[in-house]
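Chemist:
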Amino acid sequence: MKTTKYIKAICAITFVLASFHANAQEEANLNREMTLEREYDPTVQDANKVNSLPKVKEPEIRKIPIDYSATTIPGFPAKEVTLLPSGNVATAMEYNKRRGYLNFGAGNYTNLSGDVGYHILSTPKDQLNIFFSHRSSNGKIKYVQEWMDDEKIKAKLNDNLGGINFRHVFDRHTLTLGGHYGYSAFNYFGIYPSPIVSGDEHEGDDLVSPYGDRETNQTHQSFGANLGLATNPGATNLGYKIDLSYTNFSQKYAYQKAIDGVTENSLQGTVDFFAPVATSQQVGVRANMNYFFYSSPLDSAYNNYLVGTISPYYQVEGGRWHLLLGAHIMFNTGDFDMIRVAPNVAFDVEIGDKTQFYAKAGGHVRNNSLFELSRVNRYANPWSTGPKSYNLLDAMVGIKSGVAPGFWFDVFGGYQITDYNCFFIPTGLYGRDFGQAMTLFMPDAKHFLFGASLKYAYQNLFEVGLKGVYNNWKVTTEDAEGNEVEHKAYGAPGFEFAANFTLRPIEKLTLALDYNLQTGRYIGPAFGDEKMKNLNDLNFTGTYAINDTFGLYVKLNNLLFQKYELYAGYPMQGFNLMGGFNINF
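Numbering (our numbering), first residue to last: -9 to 575.
Pasting the structure below:
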């Protein structure tokens, strides 16, 4: 009870200070038109790779046009919807000469992909753009388990995202506004990855199948609005950035059609104050608050709660070196209320020509809200709930260098400590329930990783990239007697390898191969040391720019004709192809 009162006091003081400062600084000019800095970008992954992992953030020599291949990011679950920059198009044509874009592609498995957008205003002071993206699939996929006798299931997907963004730059401040609407329909087509002997004991339950309801479409809808105000660089001695947003997320069904889904509302506020204290030095404090409230058929199923982080910091720009010193004070109210502290420090220095040593140690809290979980894994149990995930340490150290023309490498190691880390494991529901919604498993986890990445580019003719990451996990829970029980990092790869090769034989033609390997993935606690099949994926992309207005592309996926799952029980598409066009206008 004391913890909860202390947290509420911190939140109240933070919001009062933020409100007072904002009103005092610019009340005459705001006219209640504050906007958020965040933008909702217009493209998502194509349908056949809608569950694929996002790319590791790293320096890039040049992006391959329309790259939807699966690559990995150590230590985090797969992002199912990855938003790309609003100017990205399907070919290598120069986008900045035009304000609008349209691309469309179609392939087998009834895969469809399309994006359209237009920059209504595009000046240094005013930017206004609208966008819409669509990804869908409606093809039949074979299960990888032999005992399913090559049974096929229709994997249905219909993803849509549209929005609008506005930005205006004043002399001393920047104002932003935005809004988006998302609609996603899909079915829980997975199975429990072990034979079910009989469903006779459920005969009186109007059994859909021994594996539950794999046909009904679940629907997720989201609406968001945001506004914000920020000082322009160098405009004032005391700088600030204020972001406010609202998100409404709803599900059509709960764990079966007979029960309505949950509606989740969230209010988010972020305030960042910063000021110089000496030449090339700055101090600041950032506060982020997220308040969640629910509408549920069962009032006791979800309680309202607040998640927040307060982060004081000090940073120095030293020319060849940079230093950040700070901390994250993280907390949440409601069920499983707690307070945690994590470091927020970073240091990098140039140790040679185009060579940098870097080290950082951070942390964060994941809300594990329904909306956030749906973006990580749409097939999660629609009533998944649990504690917040507290990443108490996210440390990384490495050396990266571009020592030779066209050559770049990065060697790195990292260590993470997380309380209540999120893993998704098979459920195995029966009767009218959704058959294989994934259960949220939340043990404590320690994660060590070591890896290397390199790239080489020869003029504008070809590029080669390689990356490998070794992961070692210690995952634990406590039994009823308080004894430590060890588990596997279910669904997470022990080793990851990615390679890509891009060739440009002529100016307007680009040919690219992407390869991705993931090994050492375990199914779930009920399966002991049983592993999932290795993910072994090879893709080809070819693009041709007819001129600066029209372009064509073709994409061939799963060229090794592999059967694999990204989540246990959920098979991915076999060999598939897609062809399409792009128009800039």
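Ideal placement from N, C-alpha and C gives every residue a C-beta, glycine not left out.
1) Assess contact between the segment 516 to 524 and the segment 493 to 505, defined as three or more Cβ pairs (one per stretch) separated by less than 8 Å. Is contact present?
2) Can you look up residue 416 in the DSSP assignment and give me helix, strand or coil?
3) Drop a sphere of 10 angstroms on the beta-carbon of residue 368, count the other beta-carbons inside from all chains shown, and report buried for 16 or more, exposed for fewer.
4) Label residue 565 either buried or exposed according to how many other C-beta atoms from any shown protein chain fall within 10 Å of its C-beta, with 16 as the threshold for buried.
5) Cβ of residue 170 within 7 Å of Cβ of residue 214?
6) Is any beta-carbon of chain C found at less than 7 Å from that of residue 532?
7) So for residue 515, helix, strand or coil by DSSP?
8) To which residues of the same chain is residue 57 closer than 6 Å at the C-beta, ignoring the five residues directly before and after it?
9) In this structure, how does DSSP classify residue 134 when only helix, strand and coil are distinguished?
10) Count the CB pairs spanning the segment 161 to 168 and the segment 123 to 140 that are closer than 8 Å, and state whether there are at least three.
11) To the nearest angstrom, report how far apart residue 572 and residue 120 are at their CA atoms.
12) From the DSSP output, in three-state form, read off residue 364 for me.
13) Going straight from the alpha carbon of residue 253 to that of residue 237, what length do you get?
14) To test your reading of the DSSP string, which unbroken beta strand (DSSP E) runs of 3 or more residues are found completely within the segment 158 to 243?
15) If I follow the unbroken beta strand (DSSP E) through residue 252, where does it start and stop?
16) Which term fits residue 561, buried or exposed, when burial requires 16 or more other beta carbons within 10 angstroms of its beta carbon?
17) Which partner residues does residue 259 have in the DSSP bridge list?
18) Mind checking residue 143: buried by the 16 CB within 10 Å criterion, or exposed?
19) Which of the three DSSP states, helix, strand or coil, is assigned to residue 292?
20) Give a yes or no on whether the C-beta atoms belonging to residue 177 and residue 146 are separated by under 7 Å.
21) Below 7 Å between beta carbons: does that hold for residue 404 and residue 383?
22) For the beta strand (DSSP E) that contains residue 395, what are its first and last residues?
23) Count the CB pairs spanning the segment 390 to 397 and the segment 421 to 439 that are closer than 8 Å, and state whether there are at least three.
24) I'd like the list of long-range same chain contacts for residue 90, defined as Cβ closer than 6 Å, with 5 residues on each side in sequence excluded.
25) Would you kindly work out how many angstroms separate the C-alpha atoms of residue 328 and residue 356, rounded to a whole number?
26) With the cut-off set at 7 Å, would you say residue 173 and residue 207 are in Cβ contact?
27) Could you check what DSSP says for residue 378 in three-state terms: helix, strand or coil?
28) Between which two residues does the beta strand (DSSP E) harbouring residue 488 extend?
29) Just to confirm the assignment, what range does the beta strand (DSSP E) spanning residue 356 have?
30) With DSSP collapsed to three states, give me the class of residue 117.
31) I need the DSSP call for residue 549, collapsed to helix, strand or coil.
32) Can you tell which of 563, 558, 540 and 559 has its C-alpha closest to the C-alpha of residue 547?
33) May I have the straight-line CA-CA distance separating residue 77 from residue 325, to the nearest angstrom?
34) Where do the N-terminal and C-terminal ends of the beta strand (DSSP E) with residue 536 fall, by residue?
35) Would you call residue 268 buried or exposed, if buried means 16 or more other Cβ atoms sit within 10 Å of its Cβ?
36) Kindly give me the distance between the Cβ atoms of residue 469 and residue 434, rounded to whole angstroms, as I take these residues to be in contact under 8 Å.
Modeler: So, from the data block:
1) no
2) Here residue 416 is taken as the residue at index 426 of the sequence shown, counted from 1. Three-state DSSP puts residue 416 in coil, outside helix and strand.
3) In the sequence shown, counting from the first residue as 1, residue 368 sits at position 378. By the 16-neighbour rule on beta-carbons within 10 angstroms, residue 368 is buried.
4) Against the sequence shown, residue 565 aligns to sequence position 575. It is exposed - the Cβ of residue 565 has fewer than 16 other Cβ atoms within 10 Å.
5) As a first step, residue 170 is located in the sequence shown; it is residue number 180 there, counting from the start. As a first step, residue 214 is located in the sequence shown; it is residue number 224 there, counting from the start. Their beta carbons are under 7 Å apart, which means residue 170 touches residue 214 by this criterion.
6) No chain C appears in this structure, which consists of one protein chain only.
7) One-based indexing of the sequence shown puts residue 515 at position 525. The answer is helix: DSSP assigns residue 515 an H, G or I state.
8) Counting from 1 along the sequence shown, the entry for residue 57 is found at position 67. Because residue 57 sits at a pLDDT of 27, beneath the cut-off of 50, its placement in the model cannot be relied upon, and the point is left open.
9) The residue labelled residue 134 in the question sits at position 144 within the sequence shown. Residue state, collapsed to three classes: coil.
10) no
11) As a working note, residue 572 is residue 582 in the sequence shown. As a working note, residue 120 is residue 130 in the sequence shown. The straight-line gap from Cα to Cα measures roughly 18 Å.
12) As a position in the sequence shown, residue 364 is number 374, starting the count at 1. In this structure, residue 364 counts as helix in the three-state DSSP scheme.
13) Locating residue 253 in the sequence shown gives position 263, where the first residue counts as 1. Locating residue 237 in the sequence shown gives position 247, where the first residue counts as 1. Rounded to the nearest angstrom, the two C-alpha atoms are 11 Å apart.
14) 163 to 177, 207 to 221 and 229 to 241
15) By one-based count along the sequence shown, residue 252 stands at place 262. Segment: none, residue 252 is in no beta strand (DSSP E) and carries neither H nor E.
16) As a first step, residue 561 is located in the sequence shown; it is residue number 571 there, counting from the start. Answer is buried; the Cβ neighbour count reaches 16.
17) Position 269 of the sequence shown holds residue 259. Residue 259 is bridged to 234 and 279.
18) The sequence position of residue 143 within the sequence shown is 153, counting from 1. So residue 143 ends up on the buried side.
19) The count along the sequence shown starts at 1 and reaches residue 292 at position 302. If DSSP states are grouped into helix, strand and coil, residue 292 belongs with coil.
20) Numbered from 1 along the sequence shown, position 187 holds the residue referred to as residue 177. Numbered from 1 along the sequence shown, position 156 holds the residue referred to as residue 146. Taking 7 Å as the Cβ cut-off, residue 177 and residue 146 qualify as a contacting pair.
21) Locating residue 404 in the sequence shown gives position 414, counting from the first residue. Locating residue 383 in the sequence shown gives position 393, counting from the first residue. For residue 404 and residue 383, no; Cβs fall outside 7 Å.
22) By 1-based counting over the sequence shown, the position of residue 395 is 405. Element bounds for residue 395: n/a, residue is neither H nor E.
23) no
24) On the sequence shown, residue 90 is found 100 positions in, with the first residue counted as 1. Around residue 90: 108 and 575.
25) Taking the sequence shown and counting its residues from 1, the one referred to as residue 328 is at position 338. Taking the sequence shown and counting its residues from 1, the one referred to as residue 356 is at position 366. Those two C-alpha atoms are separated by around 13 Å.
26) Within the sequence shown, the letter at position 183 stands for residue 173. Within the sequence shown, the letter at position 217 stands for residue 207. No, these two residues do not count as a Cβ contact at 7 Å.
27) Here residue 378 refers to the residue found at position 388 of the sequence shown. Correct three-state label for residue 378: coil.
28) As a first step, residue 488 must be located in the sequence shown, where it is residue number 498. Per DSSP, residue 488 belongs to the beta strand (DSSP E) from 485 to 496.
29) Sequence index remark: in the sequence shown, residue 356 carries index 366 (1-based). Here the beta strand (DSSP E) through residue 356 covers 345 to 356.
30) Along the sequence shown, read from residue 1 onward, the residue named residue 117 stands at position 127. Looking at residue 117 - three-state DSSP - the assignment turns out to be strand.
31) If you number the sequence shown from 1, residue 549 lands on position 559. If DSSP states are grouped into helix, strand and coil, residue 549 belongs with coil.
32) By 1-based counting over the sequence shown, the position of residue 547 is 557. Nearest C-alpha to residue 547: 563.
33) Counted from its first residue, the sequence shown places residue 77 at position 87. Counted from its first residue, the sequence shown places residue 325 at position 335. Note on residue 77: pLDDT 32, under 50, position unreliable in the model; the coordinate value appears next. The straight-line gap from Cα to Cα measures roughly 42 Å.
34) The residue given as residue 536 occupies position 546 in the sequence shown. No beta strand (DSSP E) contains residue 536, which DSSP labels as neither H nor E.
35) To locate residue 268, count along the sequence shown from 1; it is residue 278. Exposed is the call here.
36) By one-based count along the sequence shown, residue 469 stands at place 479. By one-based count along the sequence shown, residue 434 stands at place 444. Wrong, their Cβ atoms sit about 14 Å apart, outside the cutoff.
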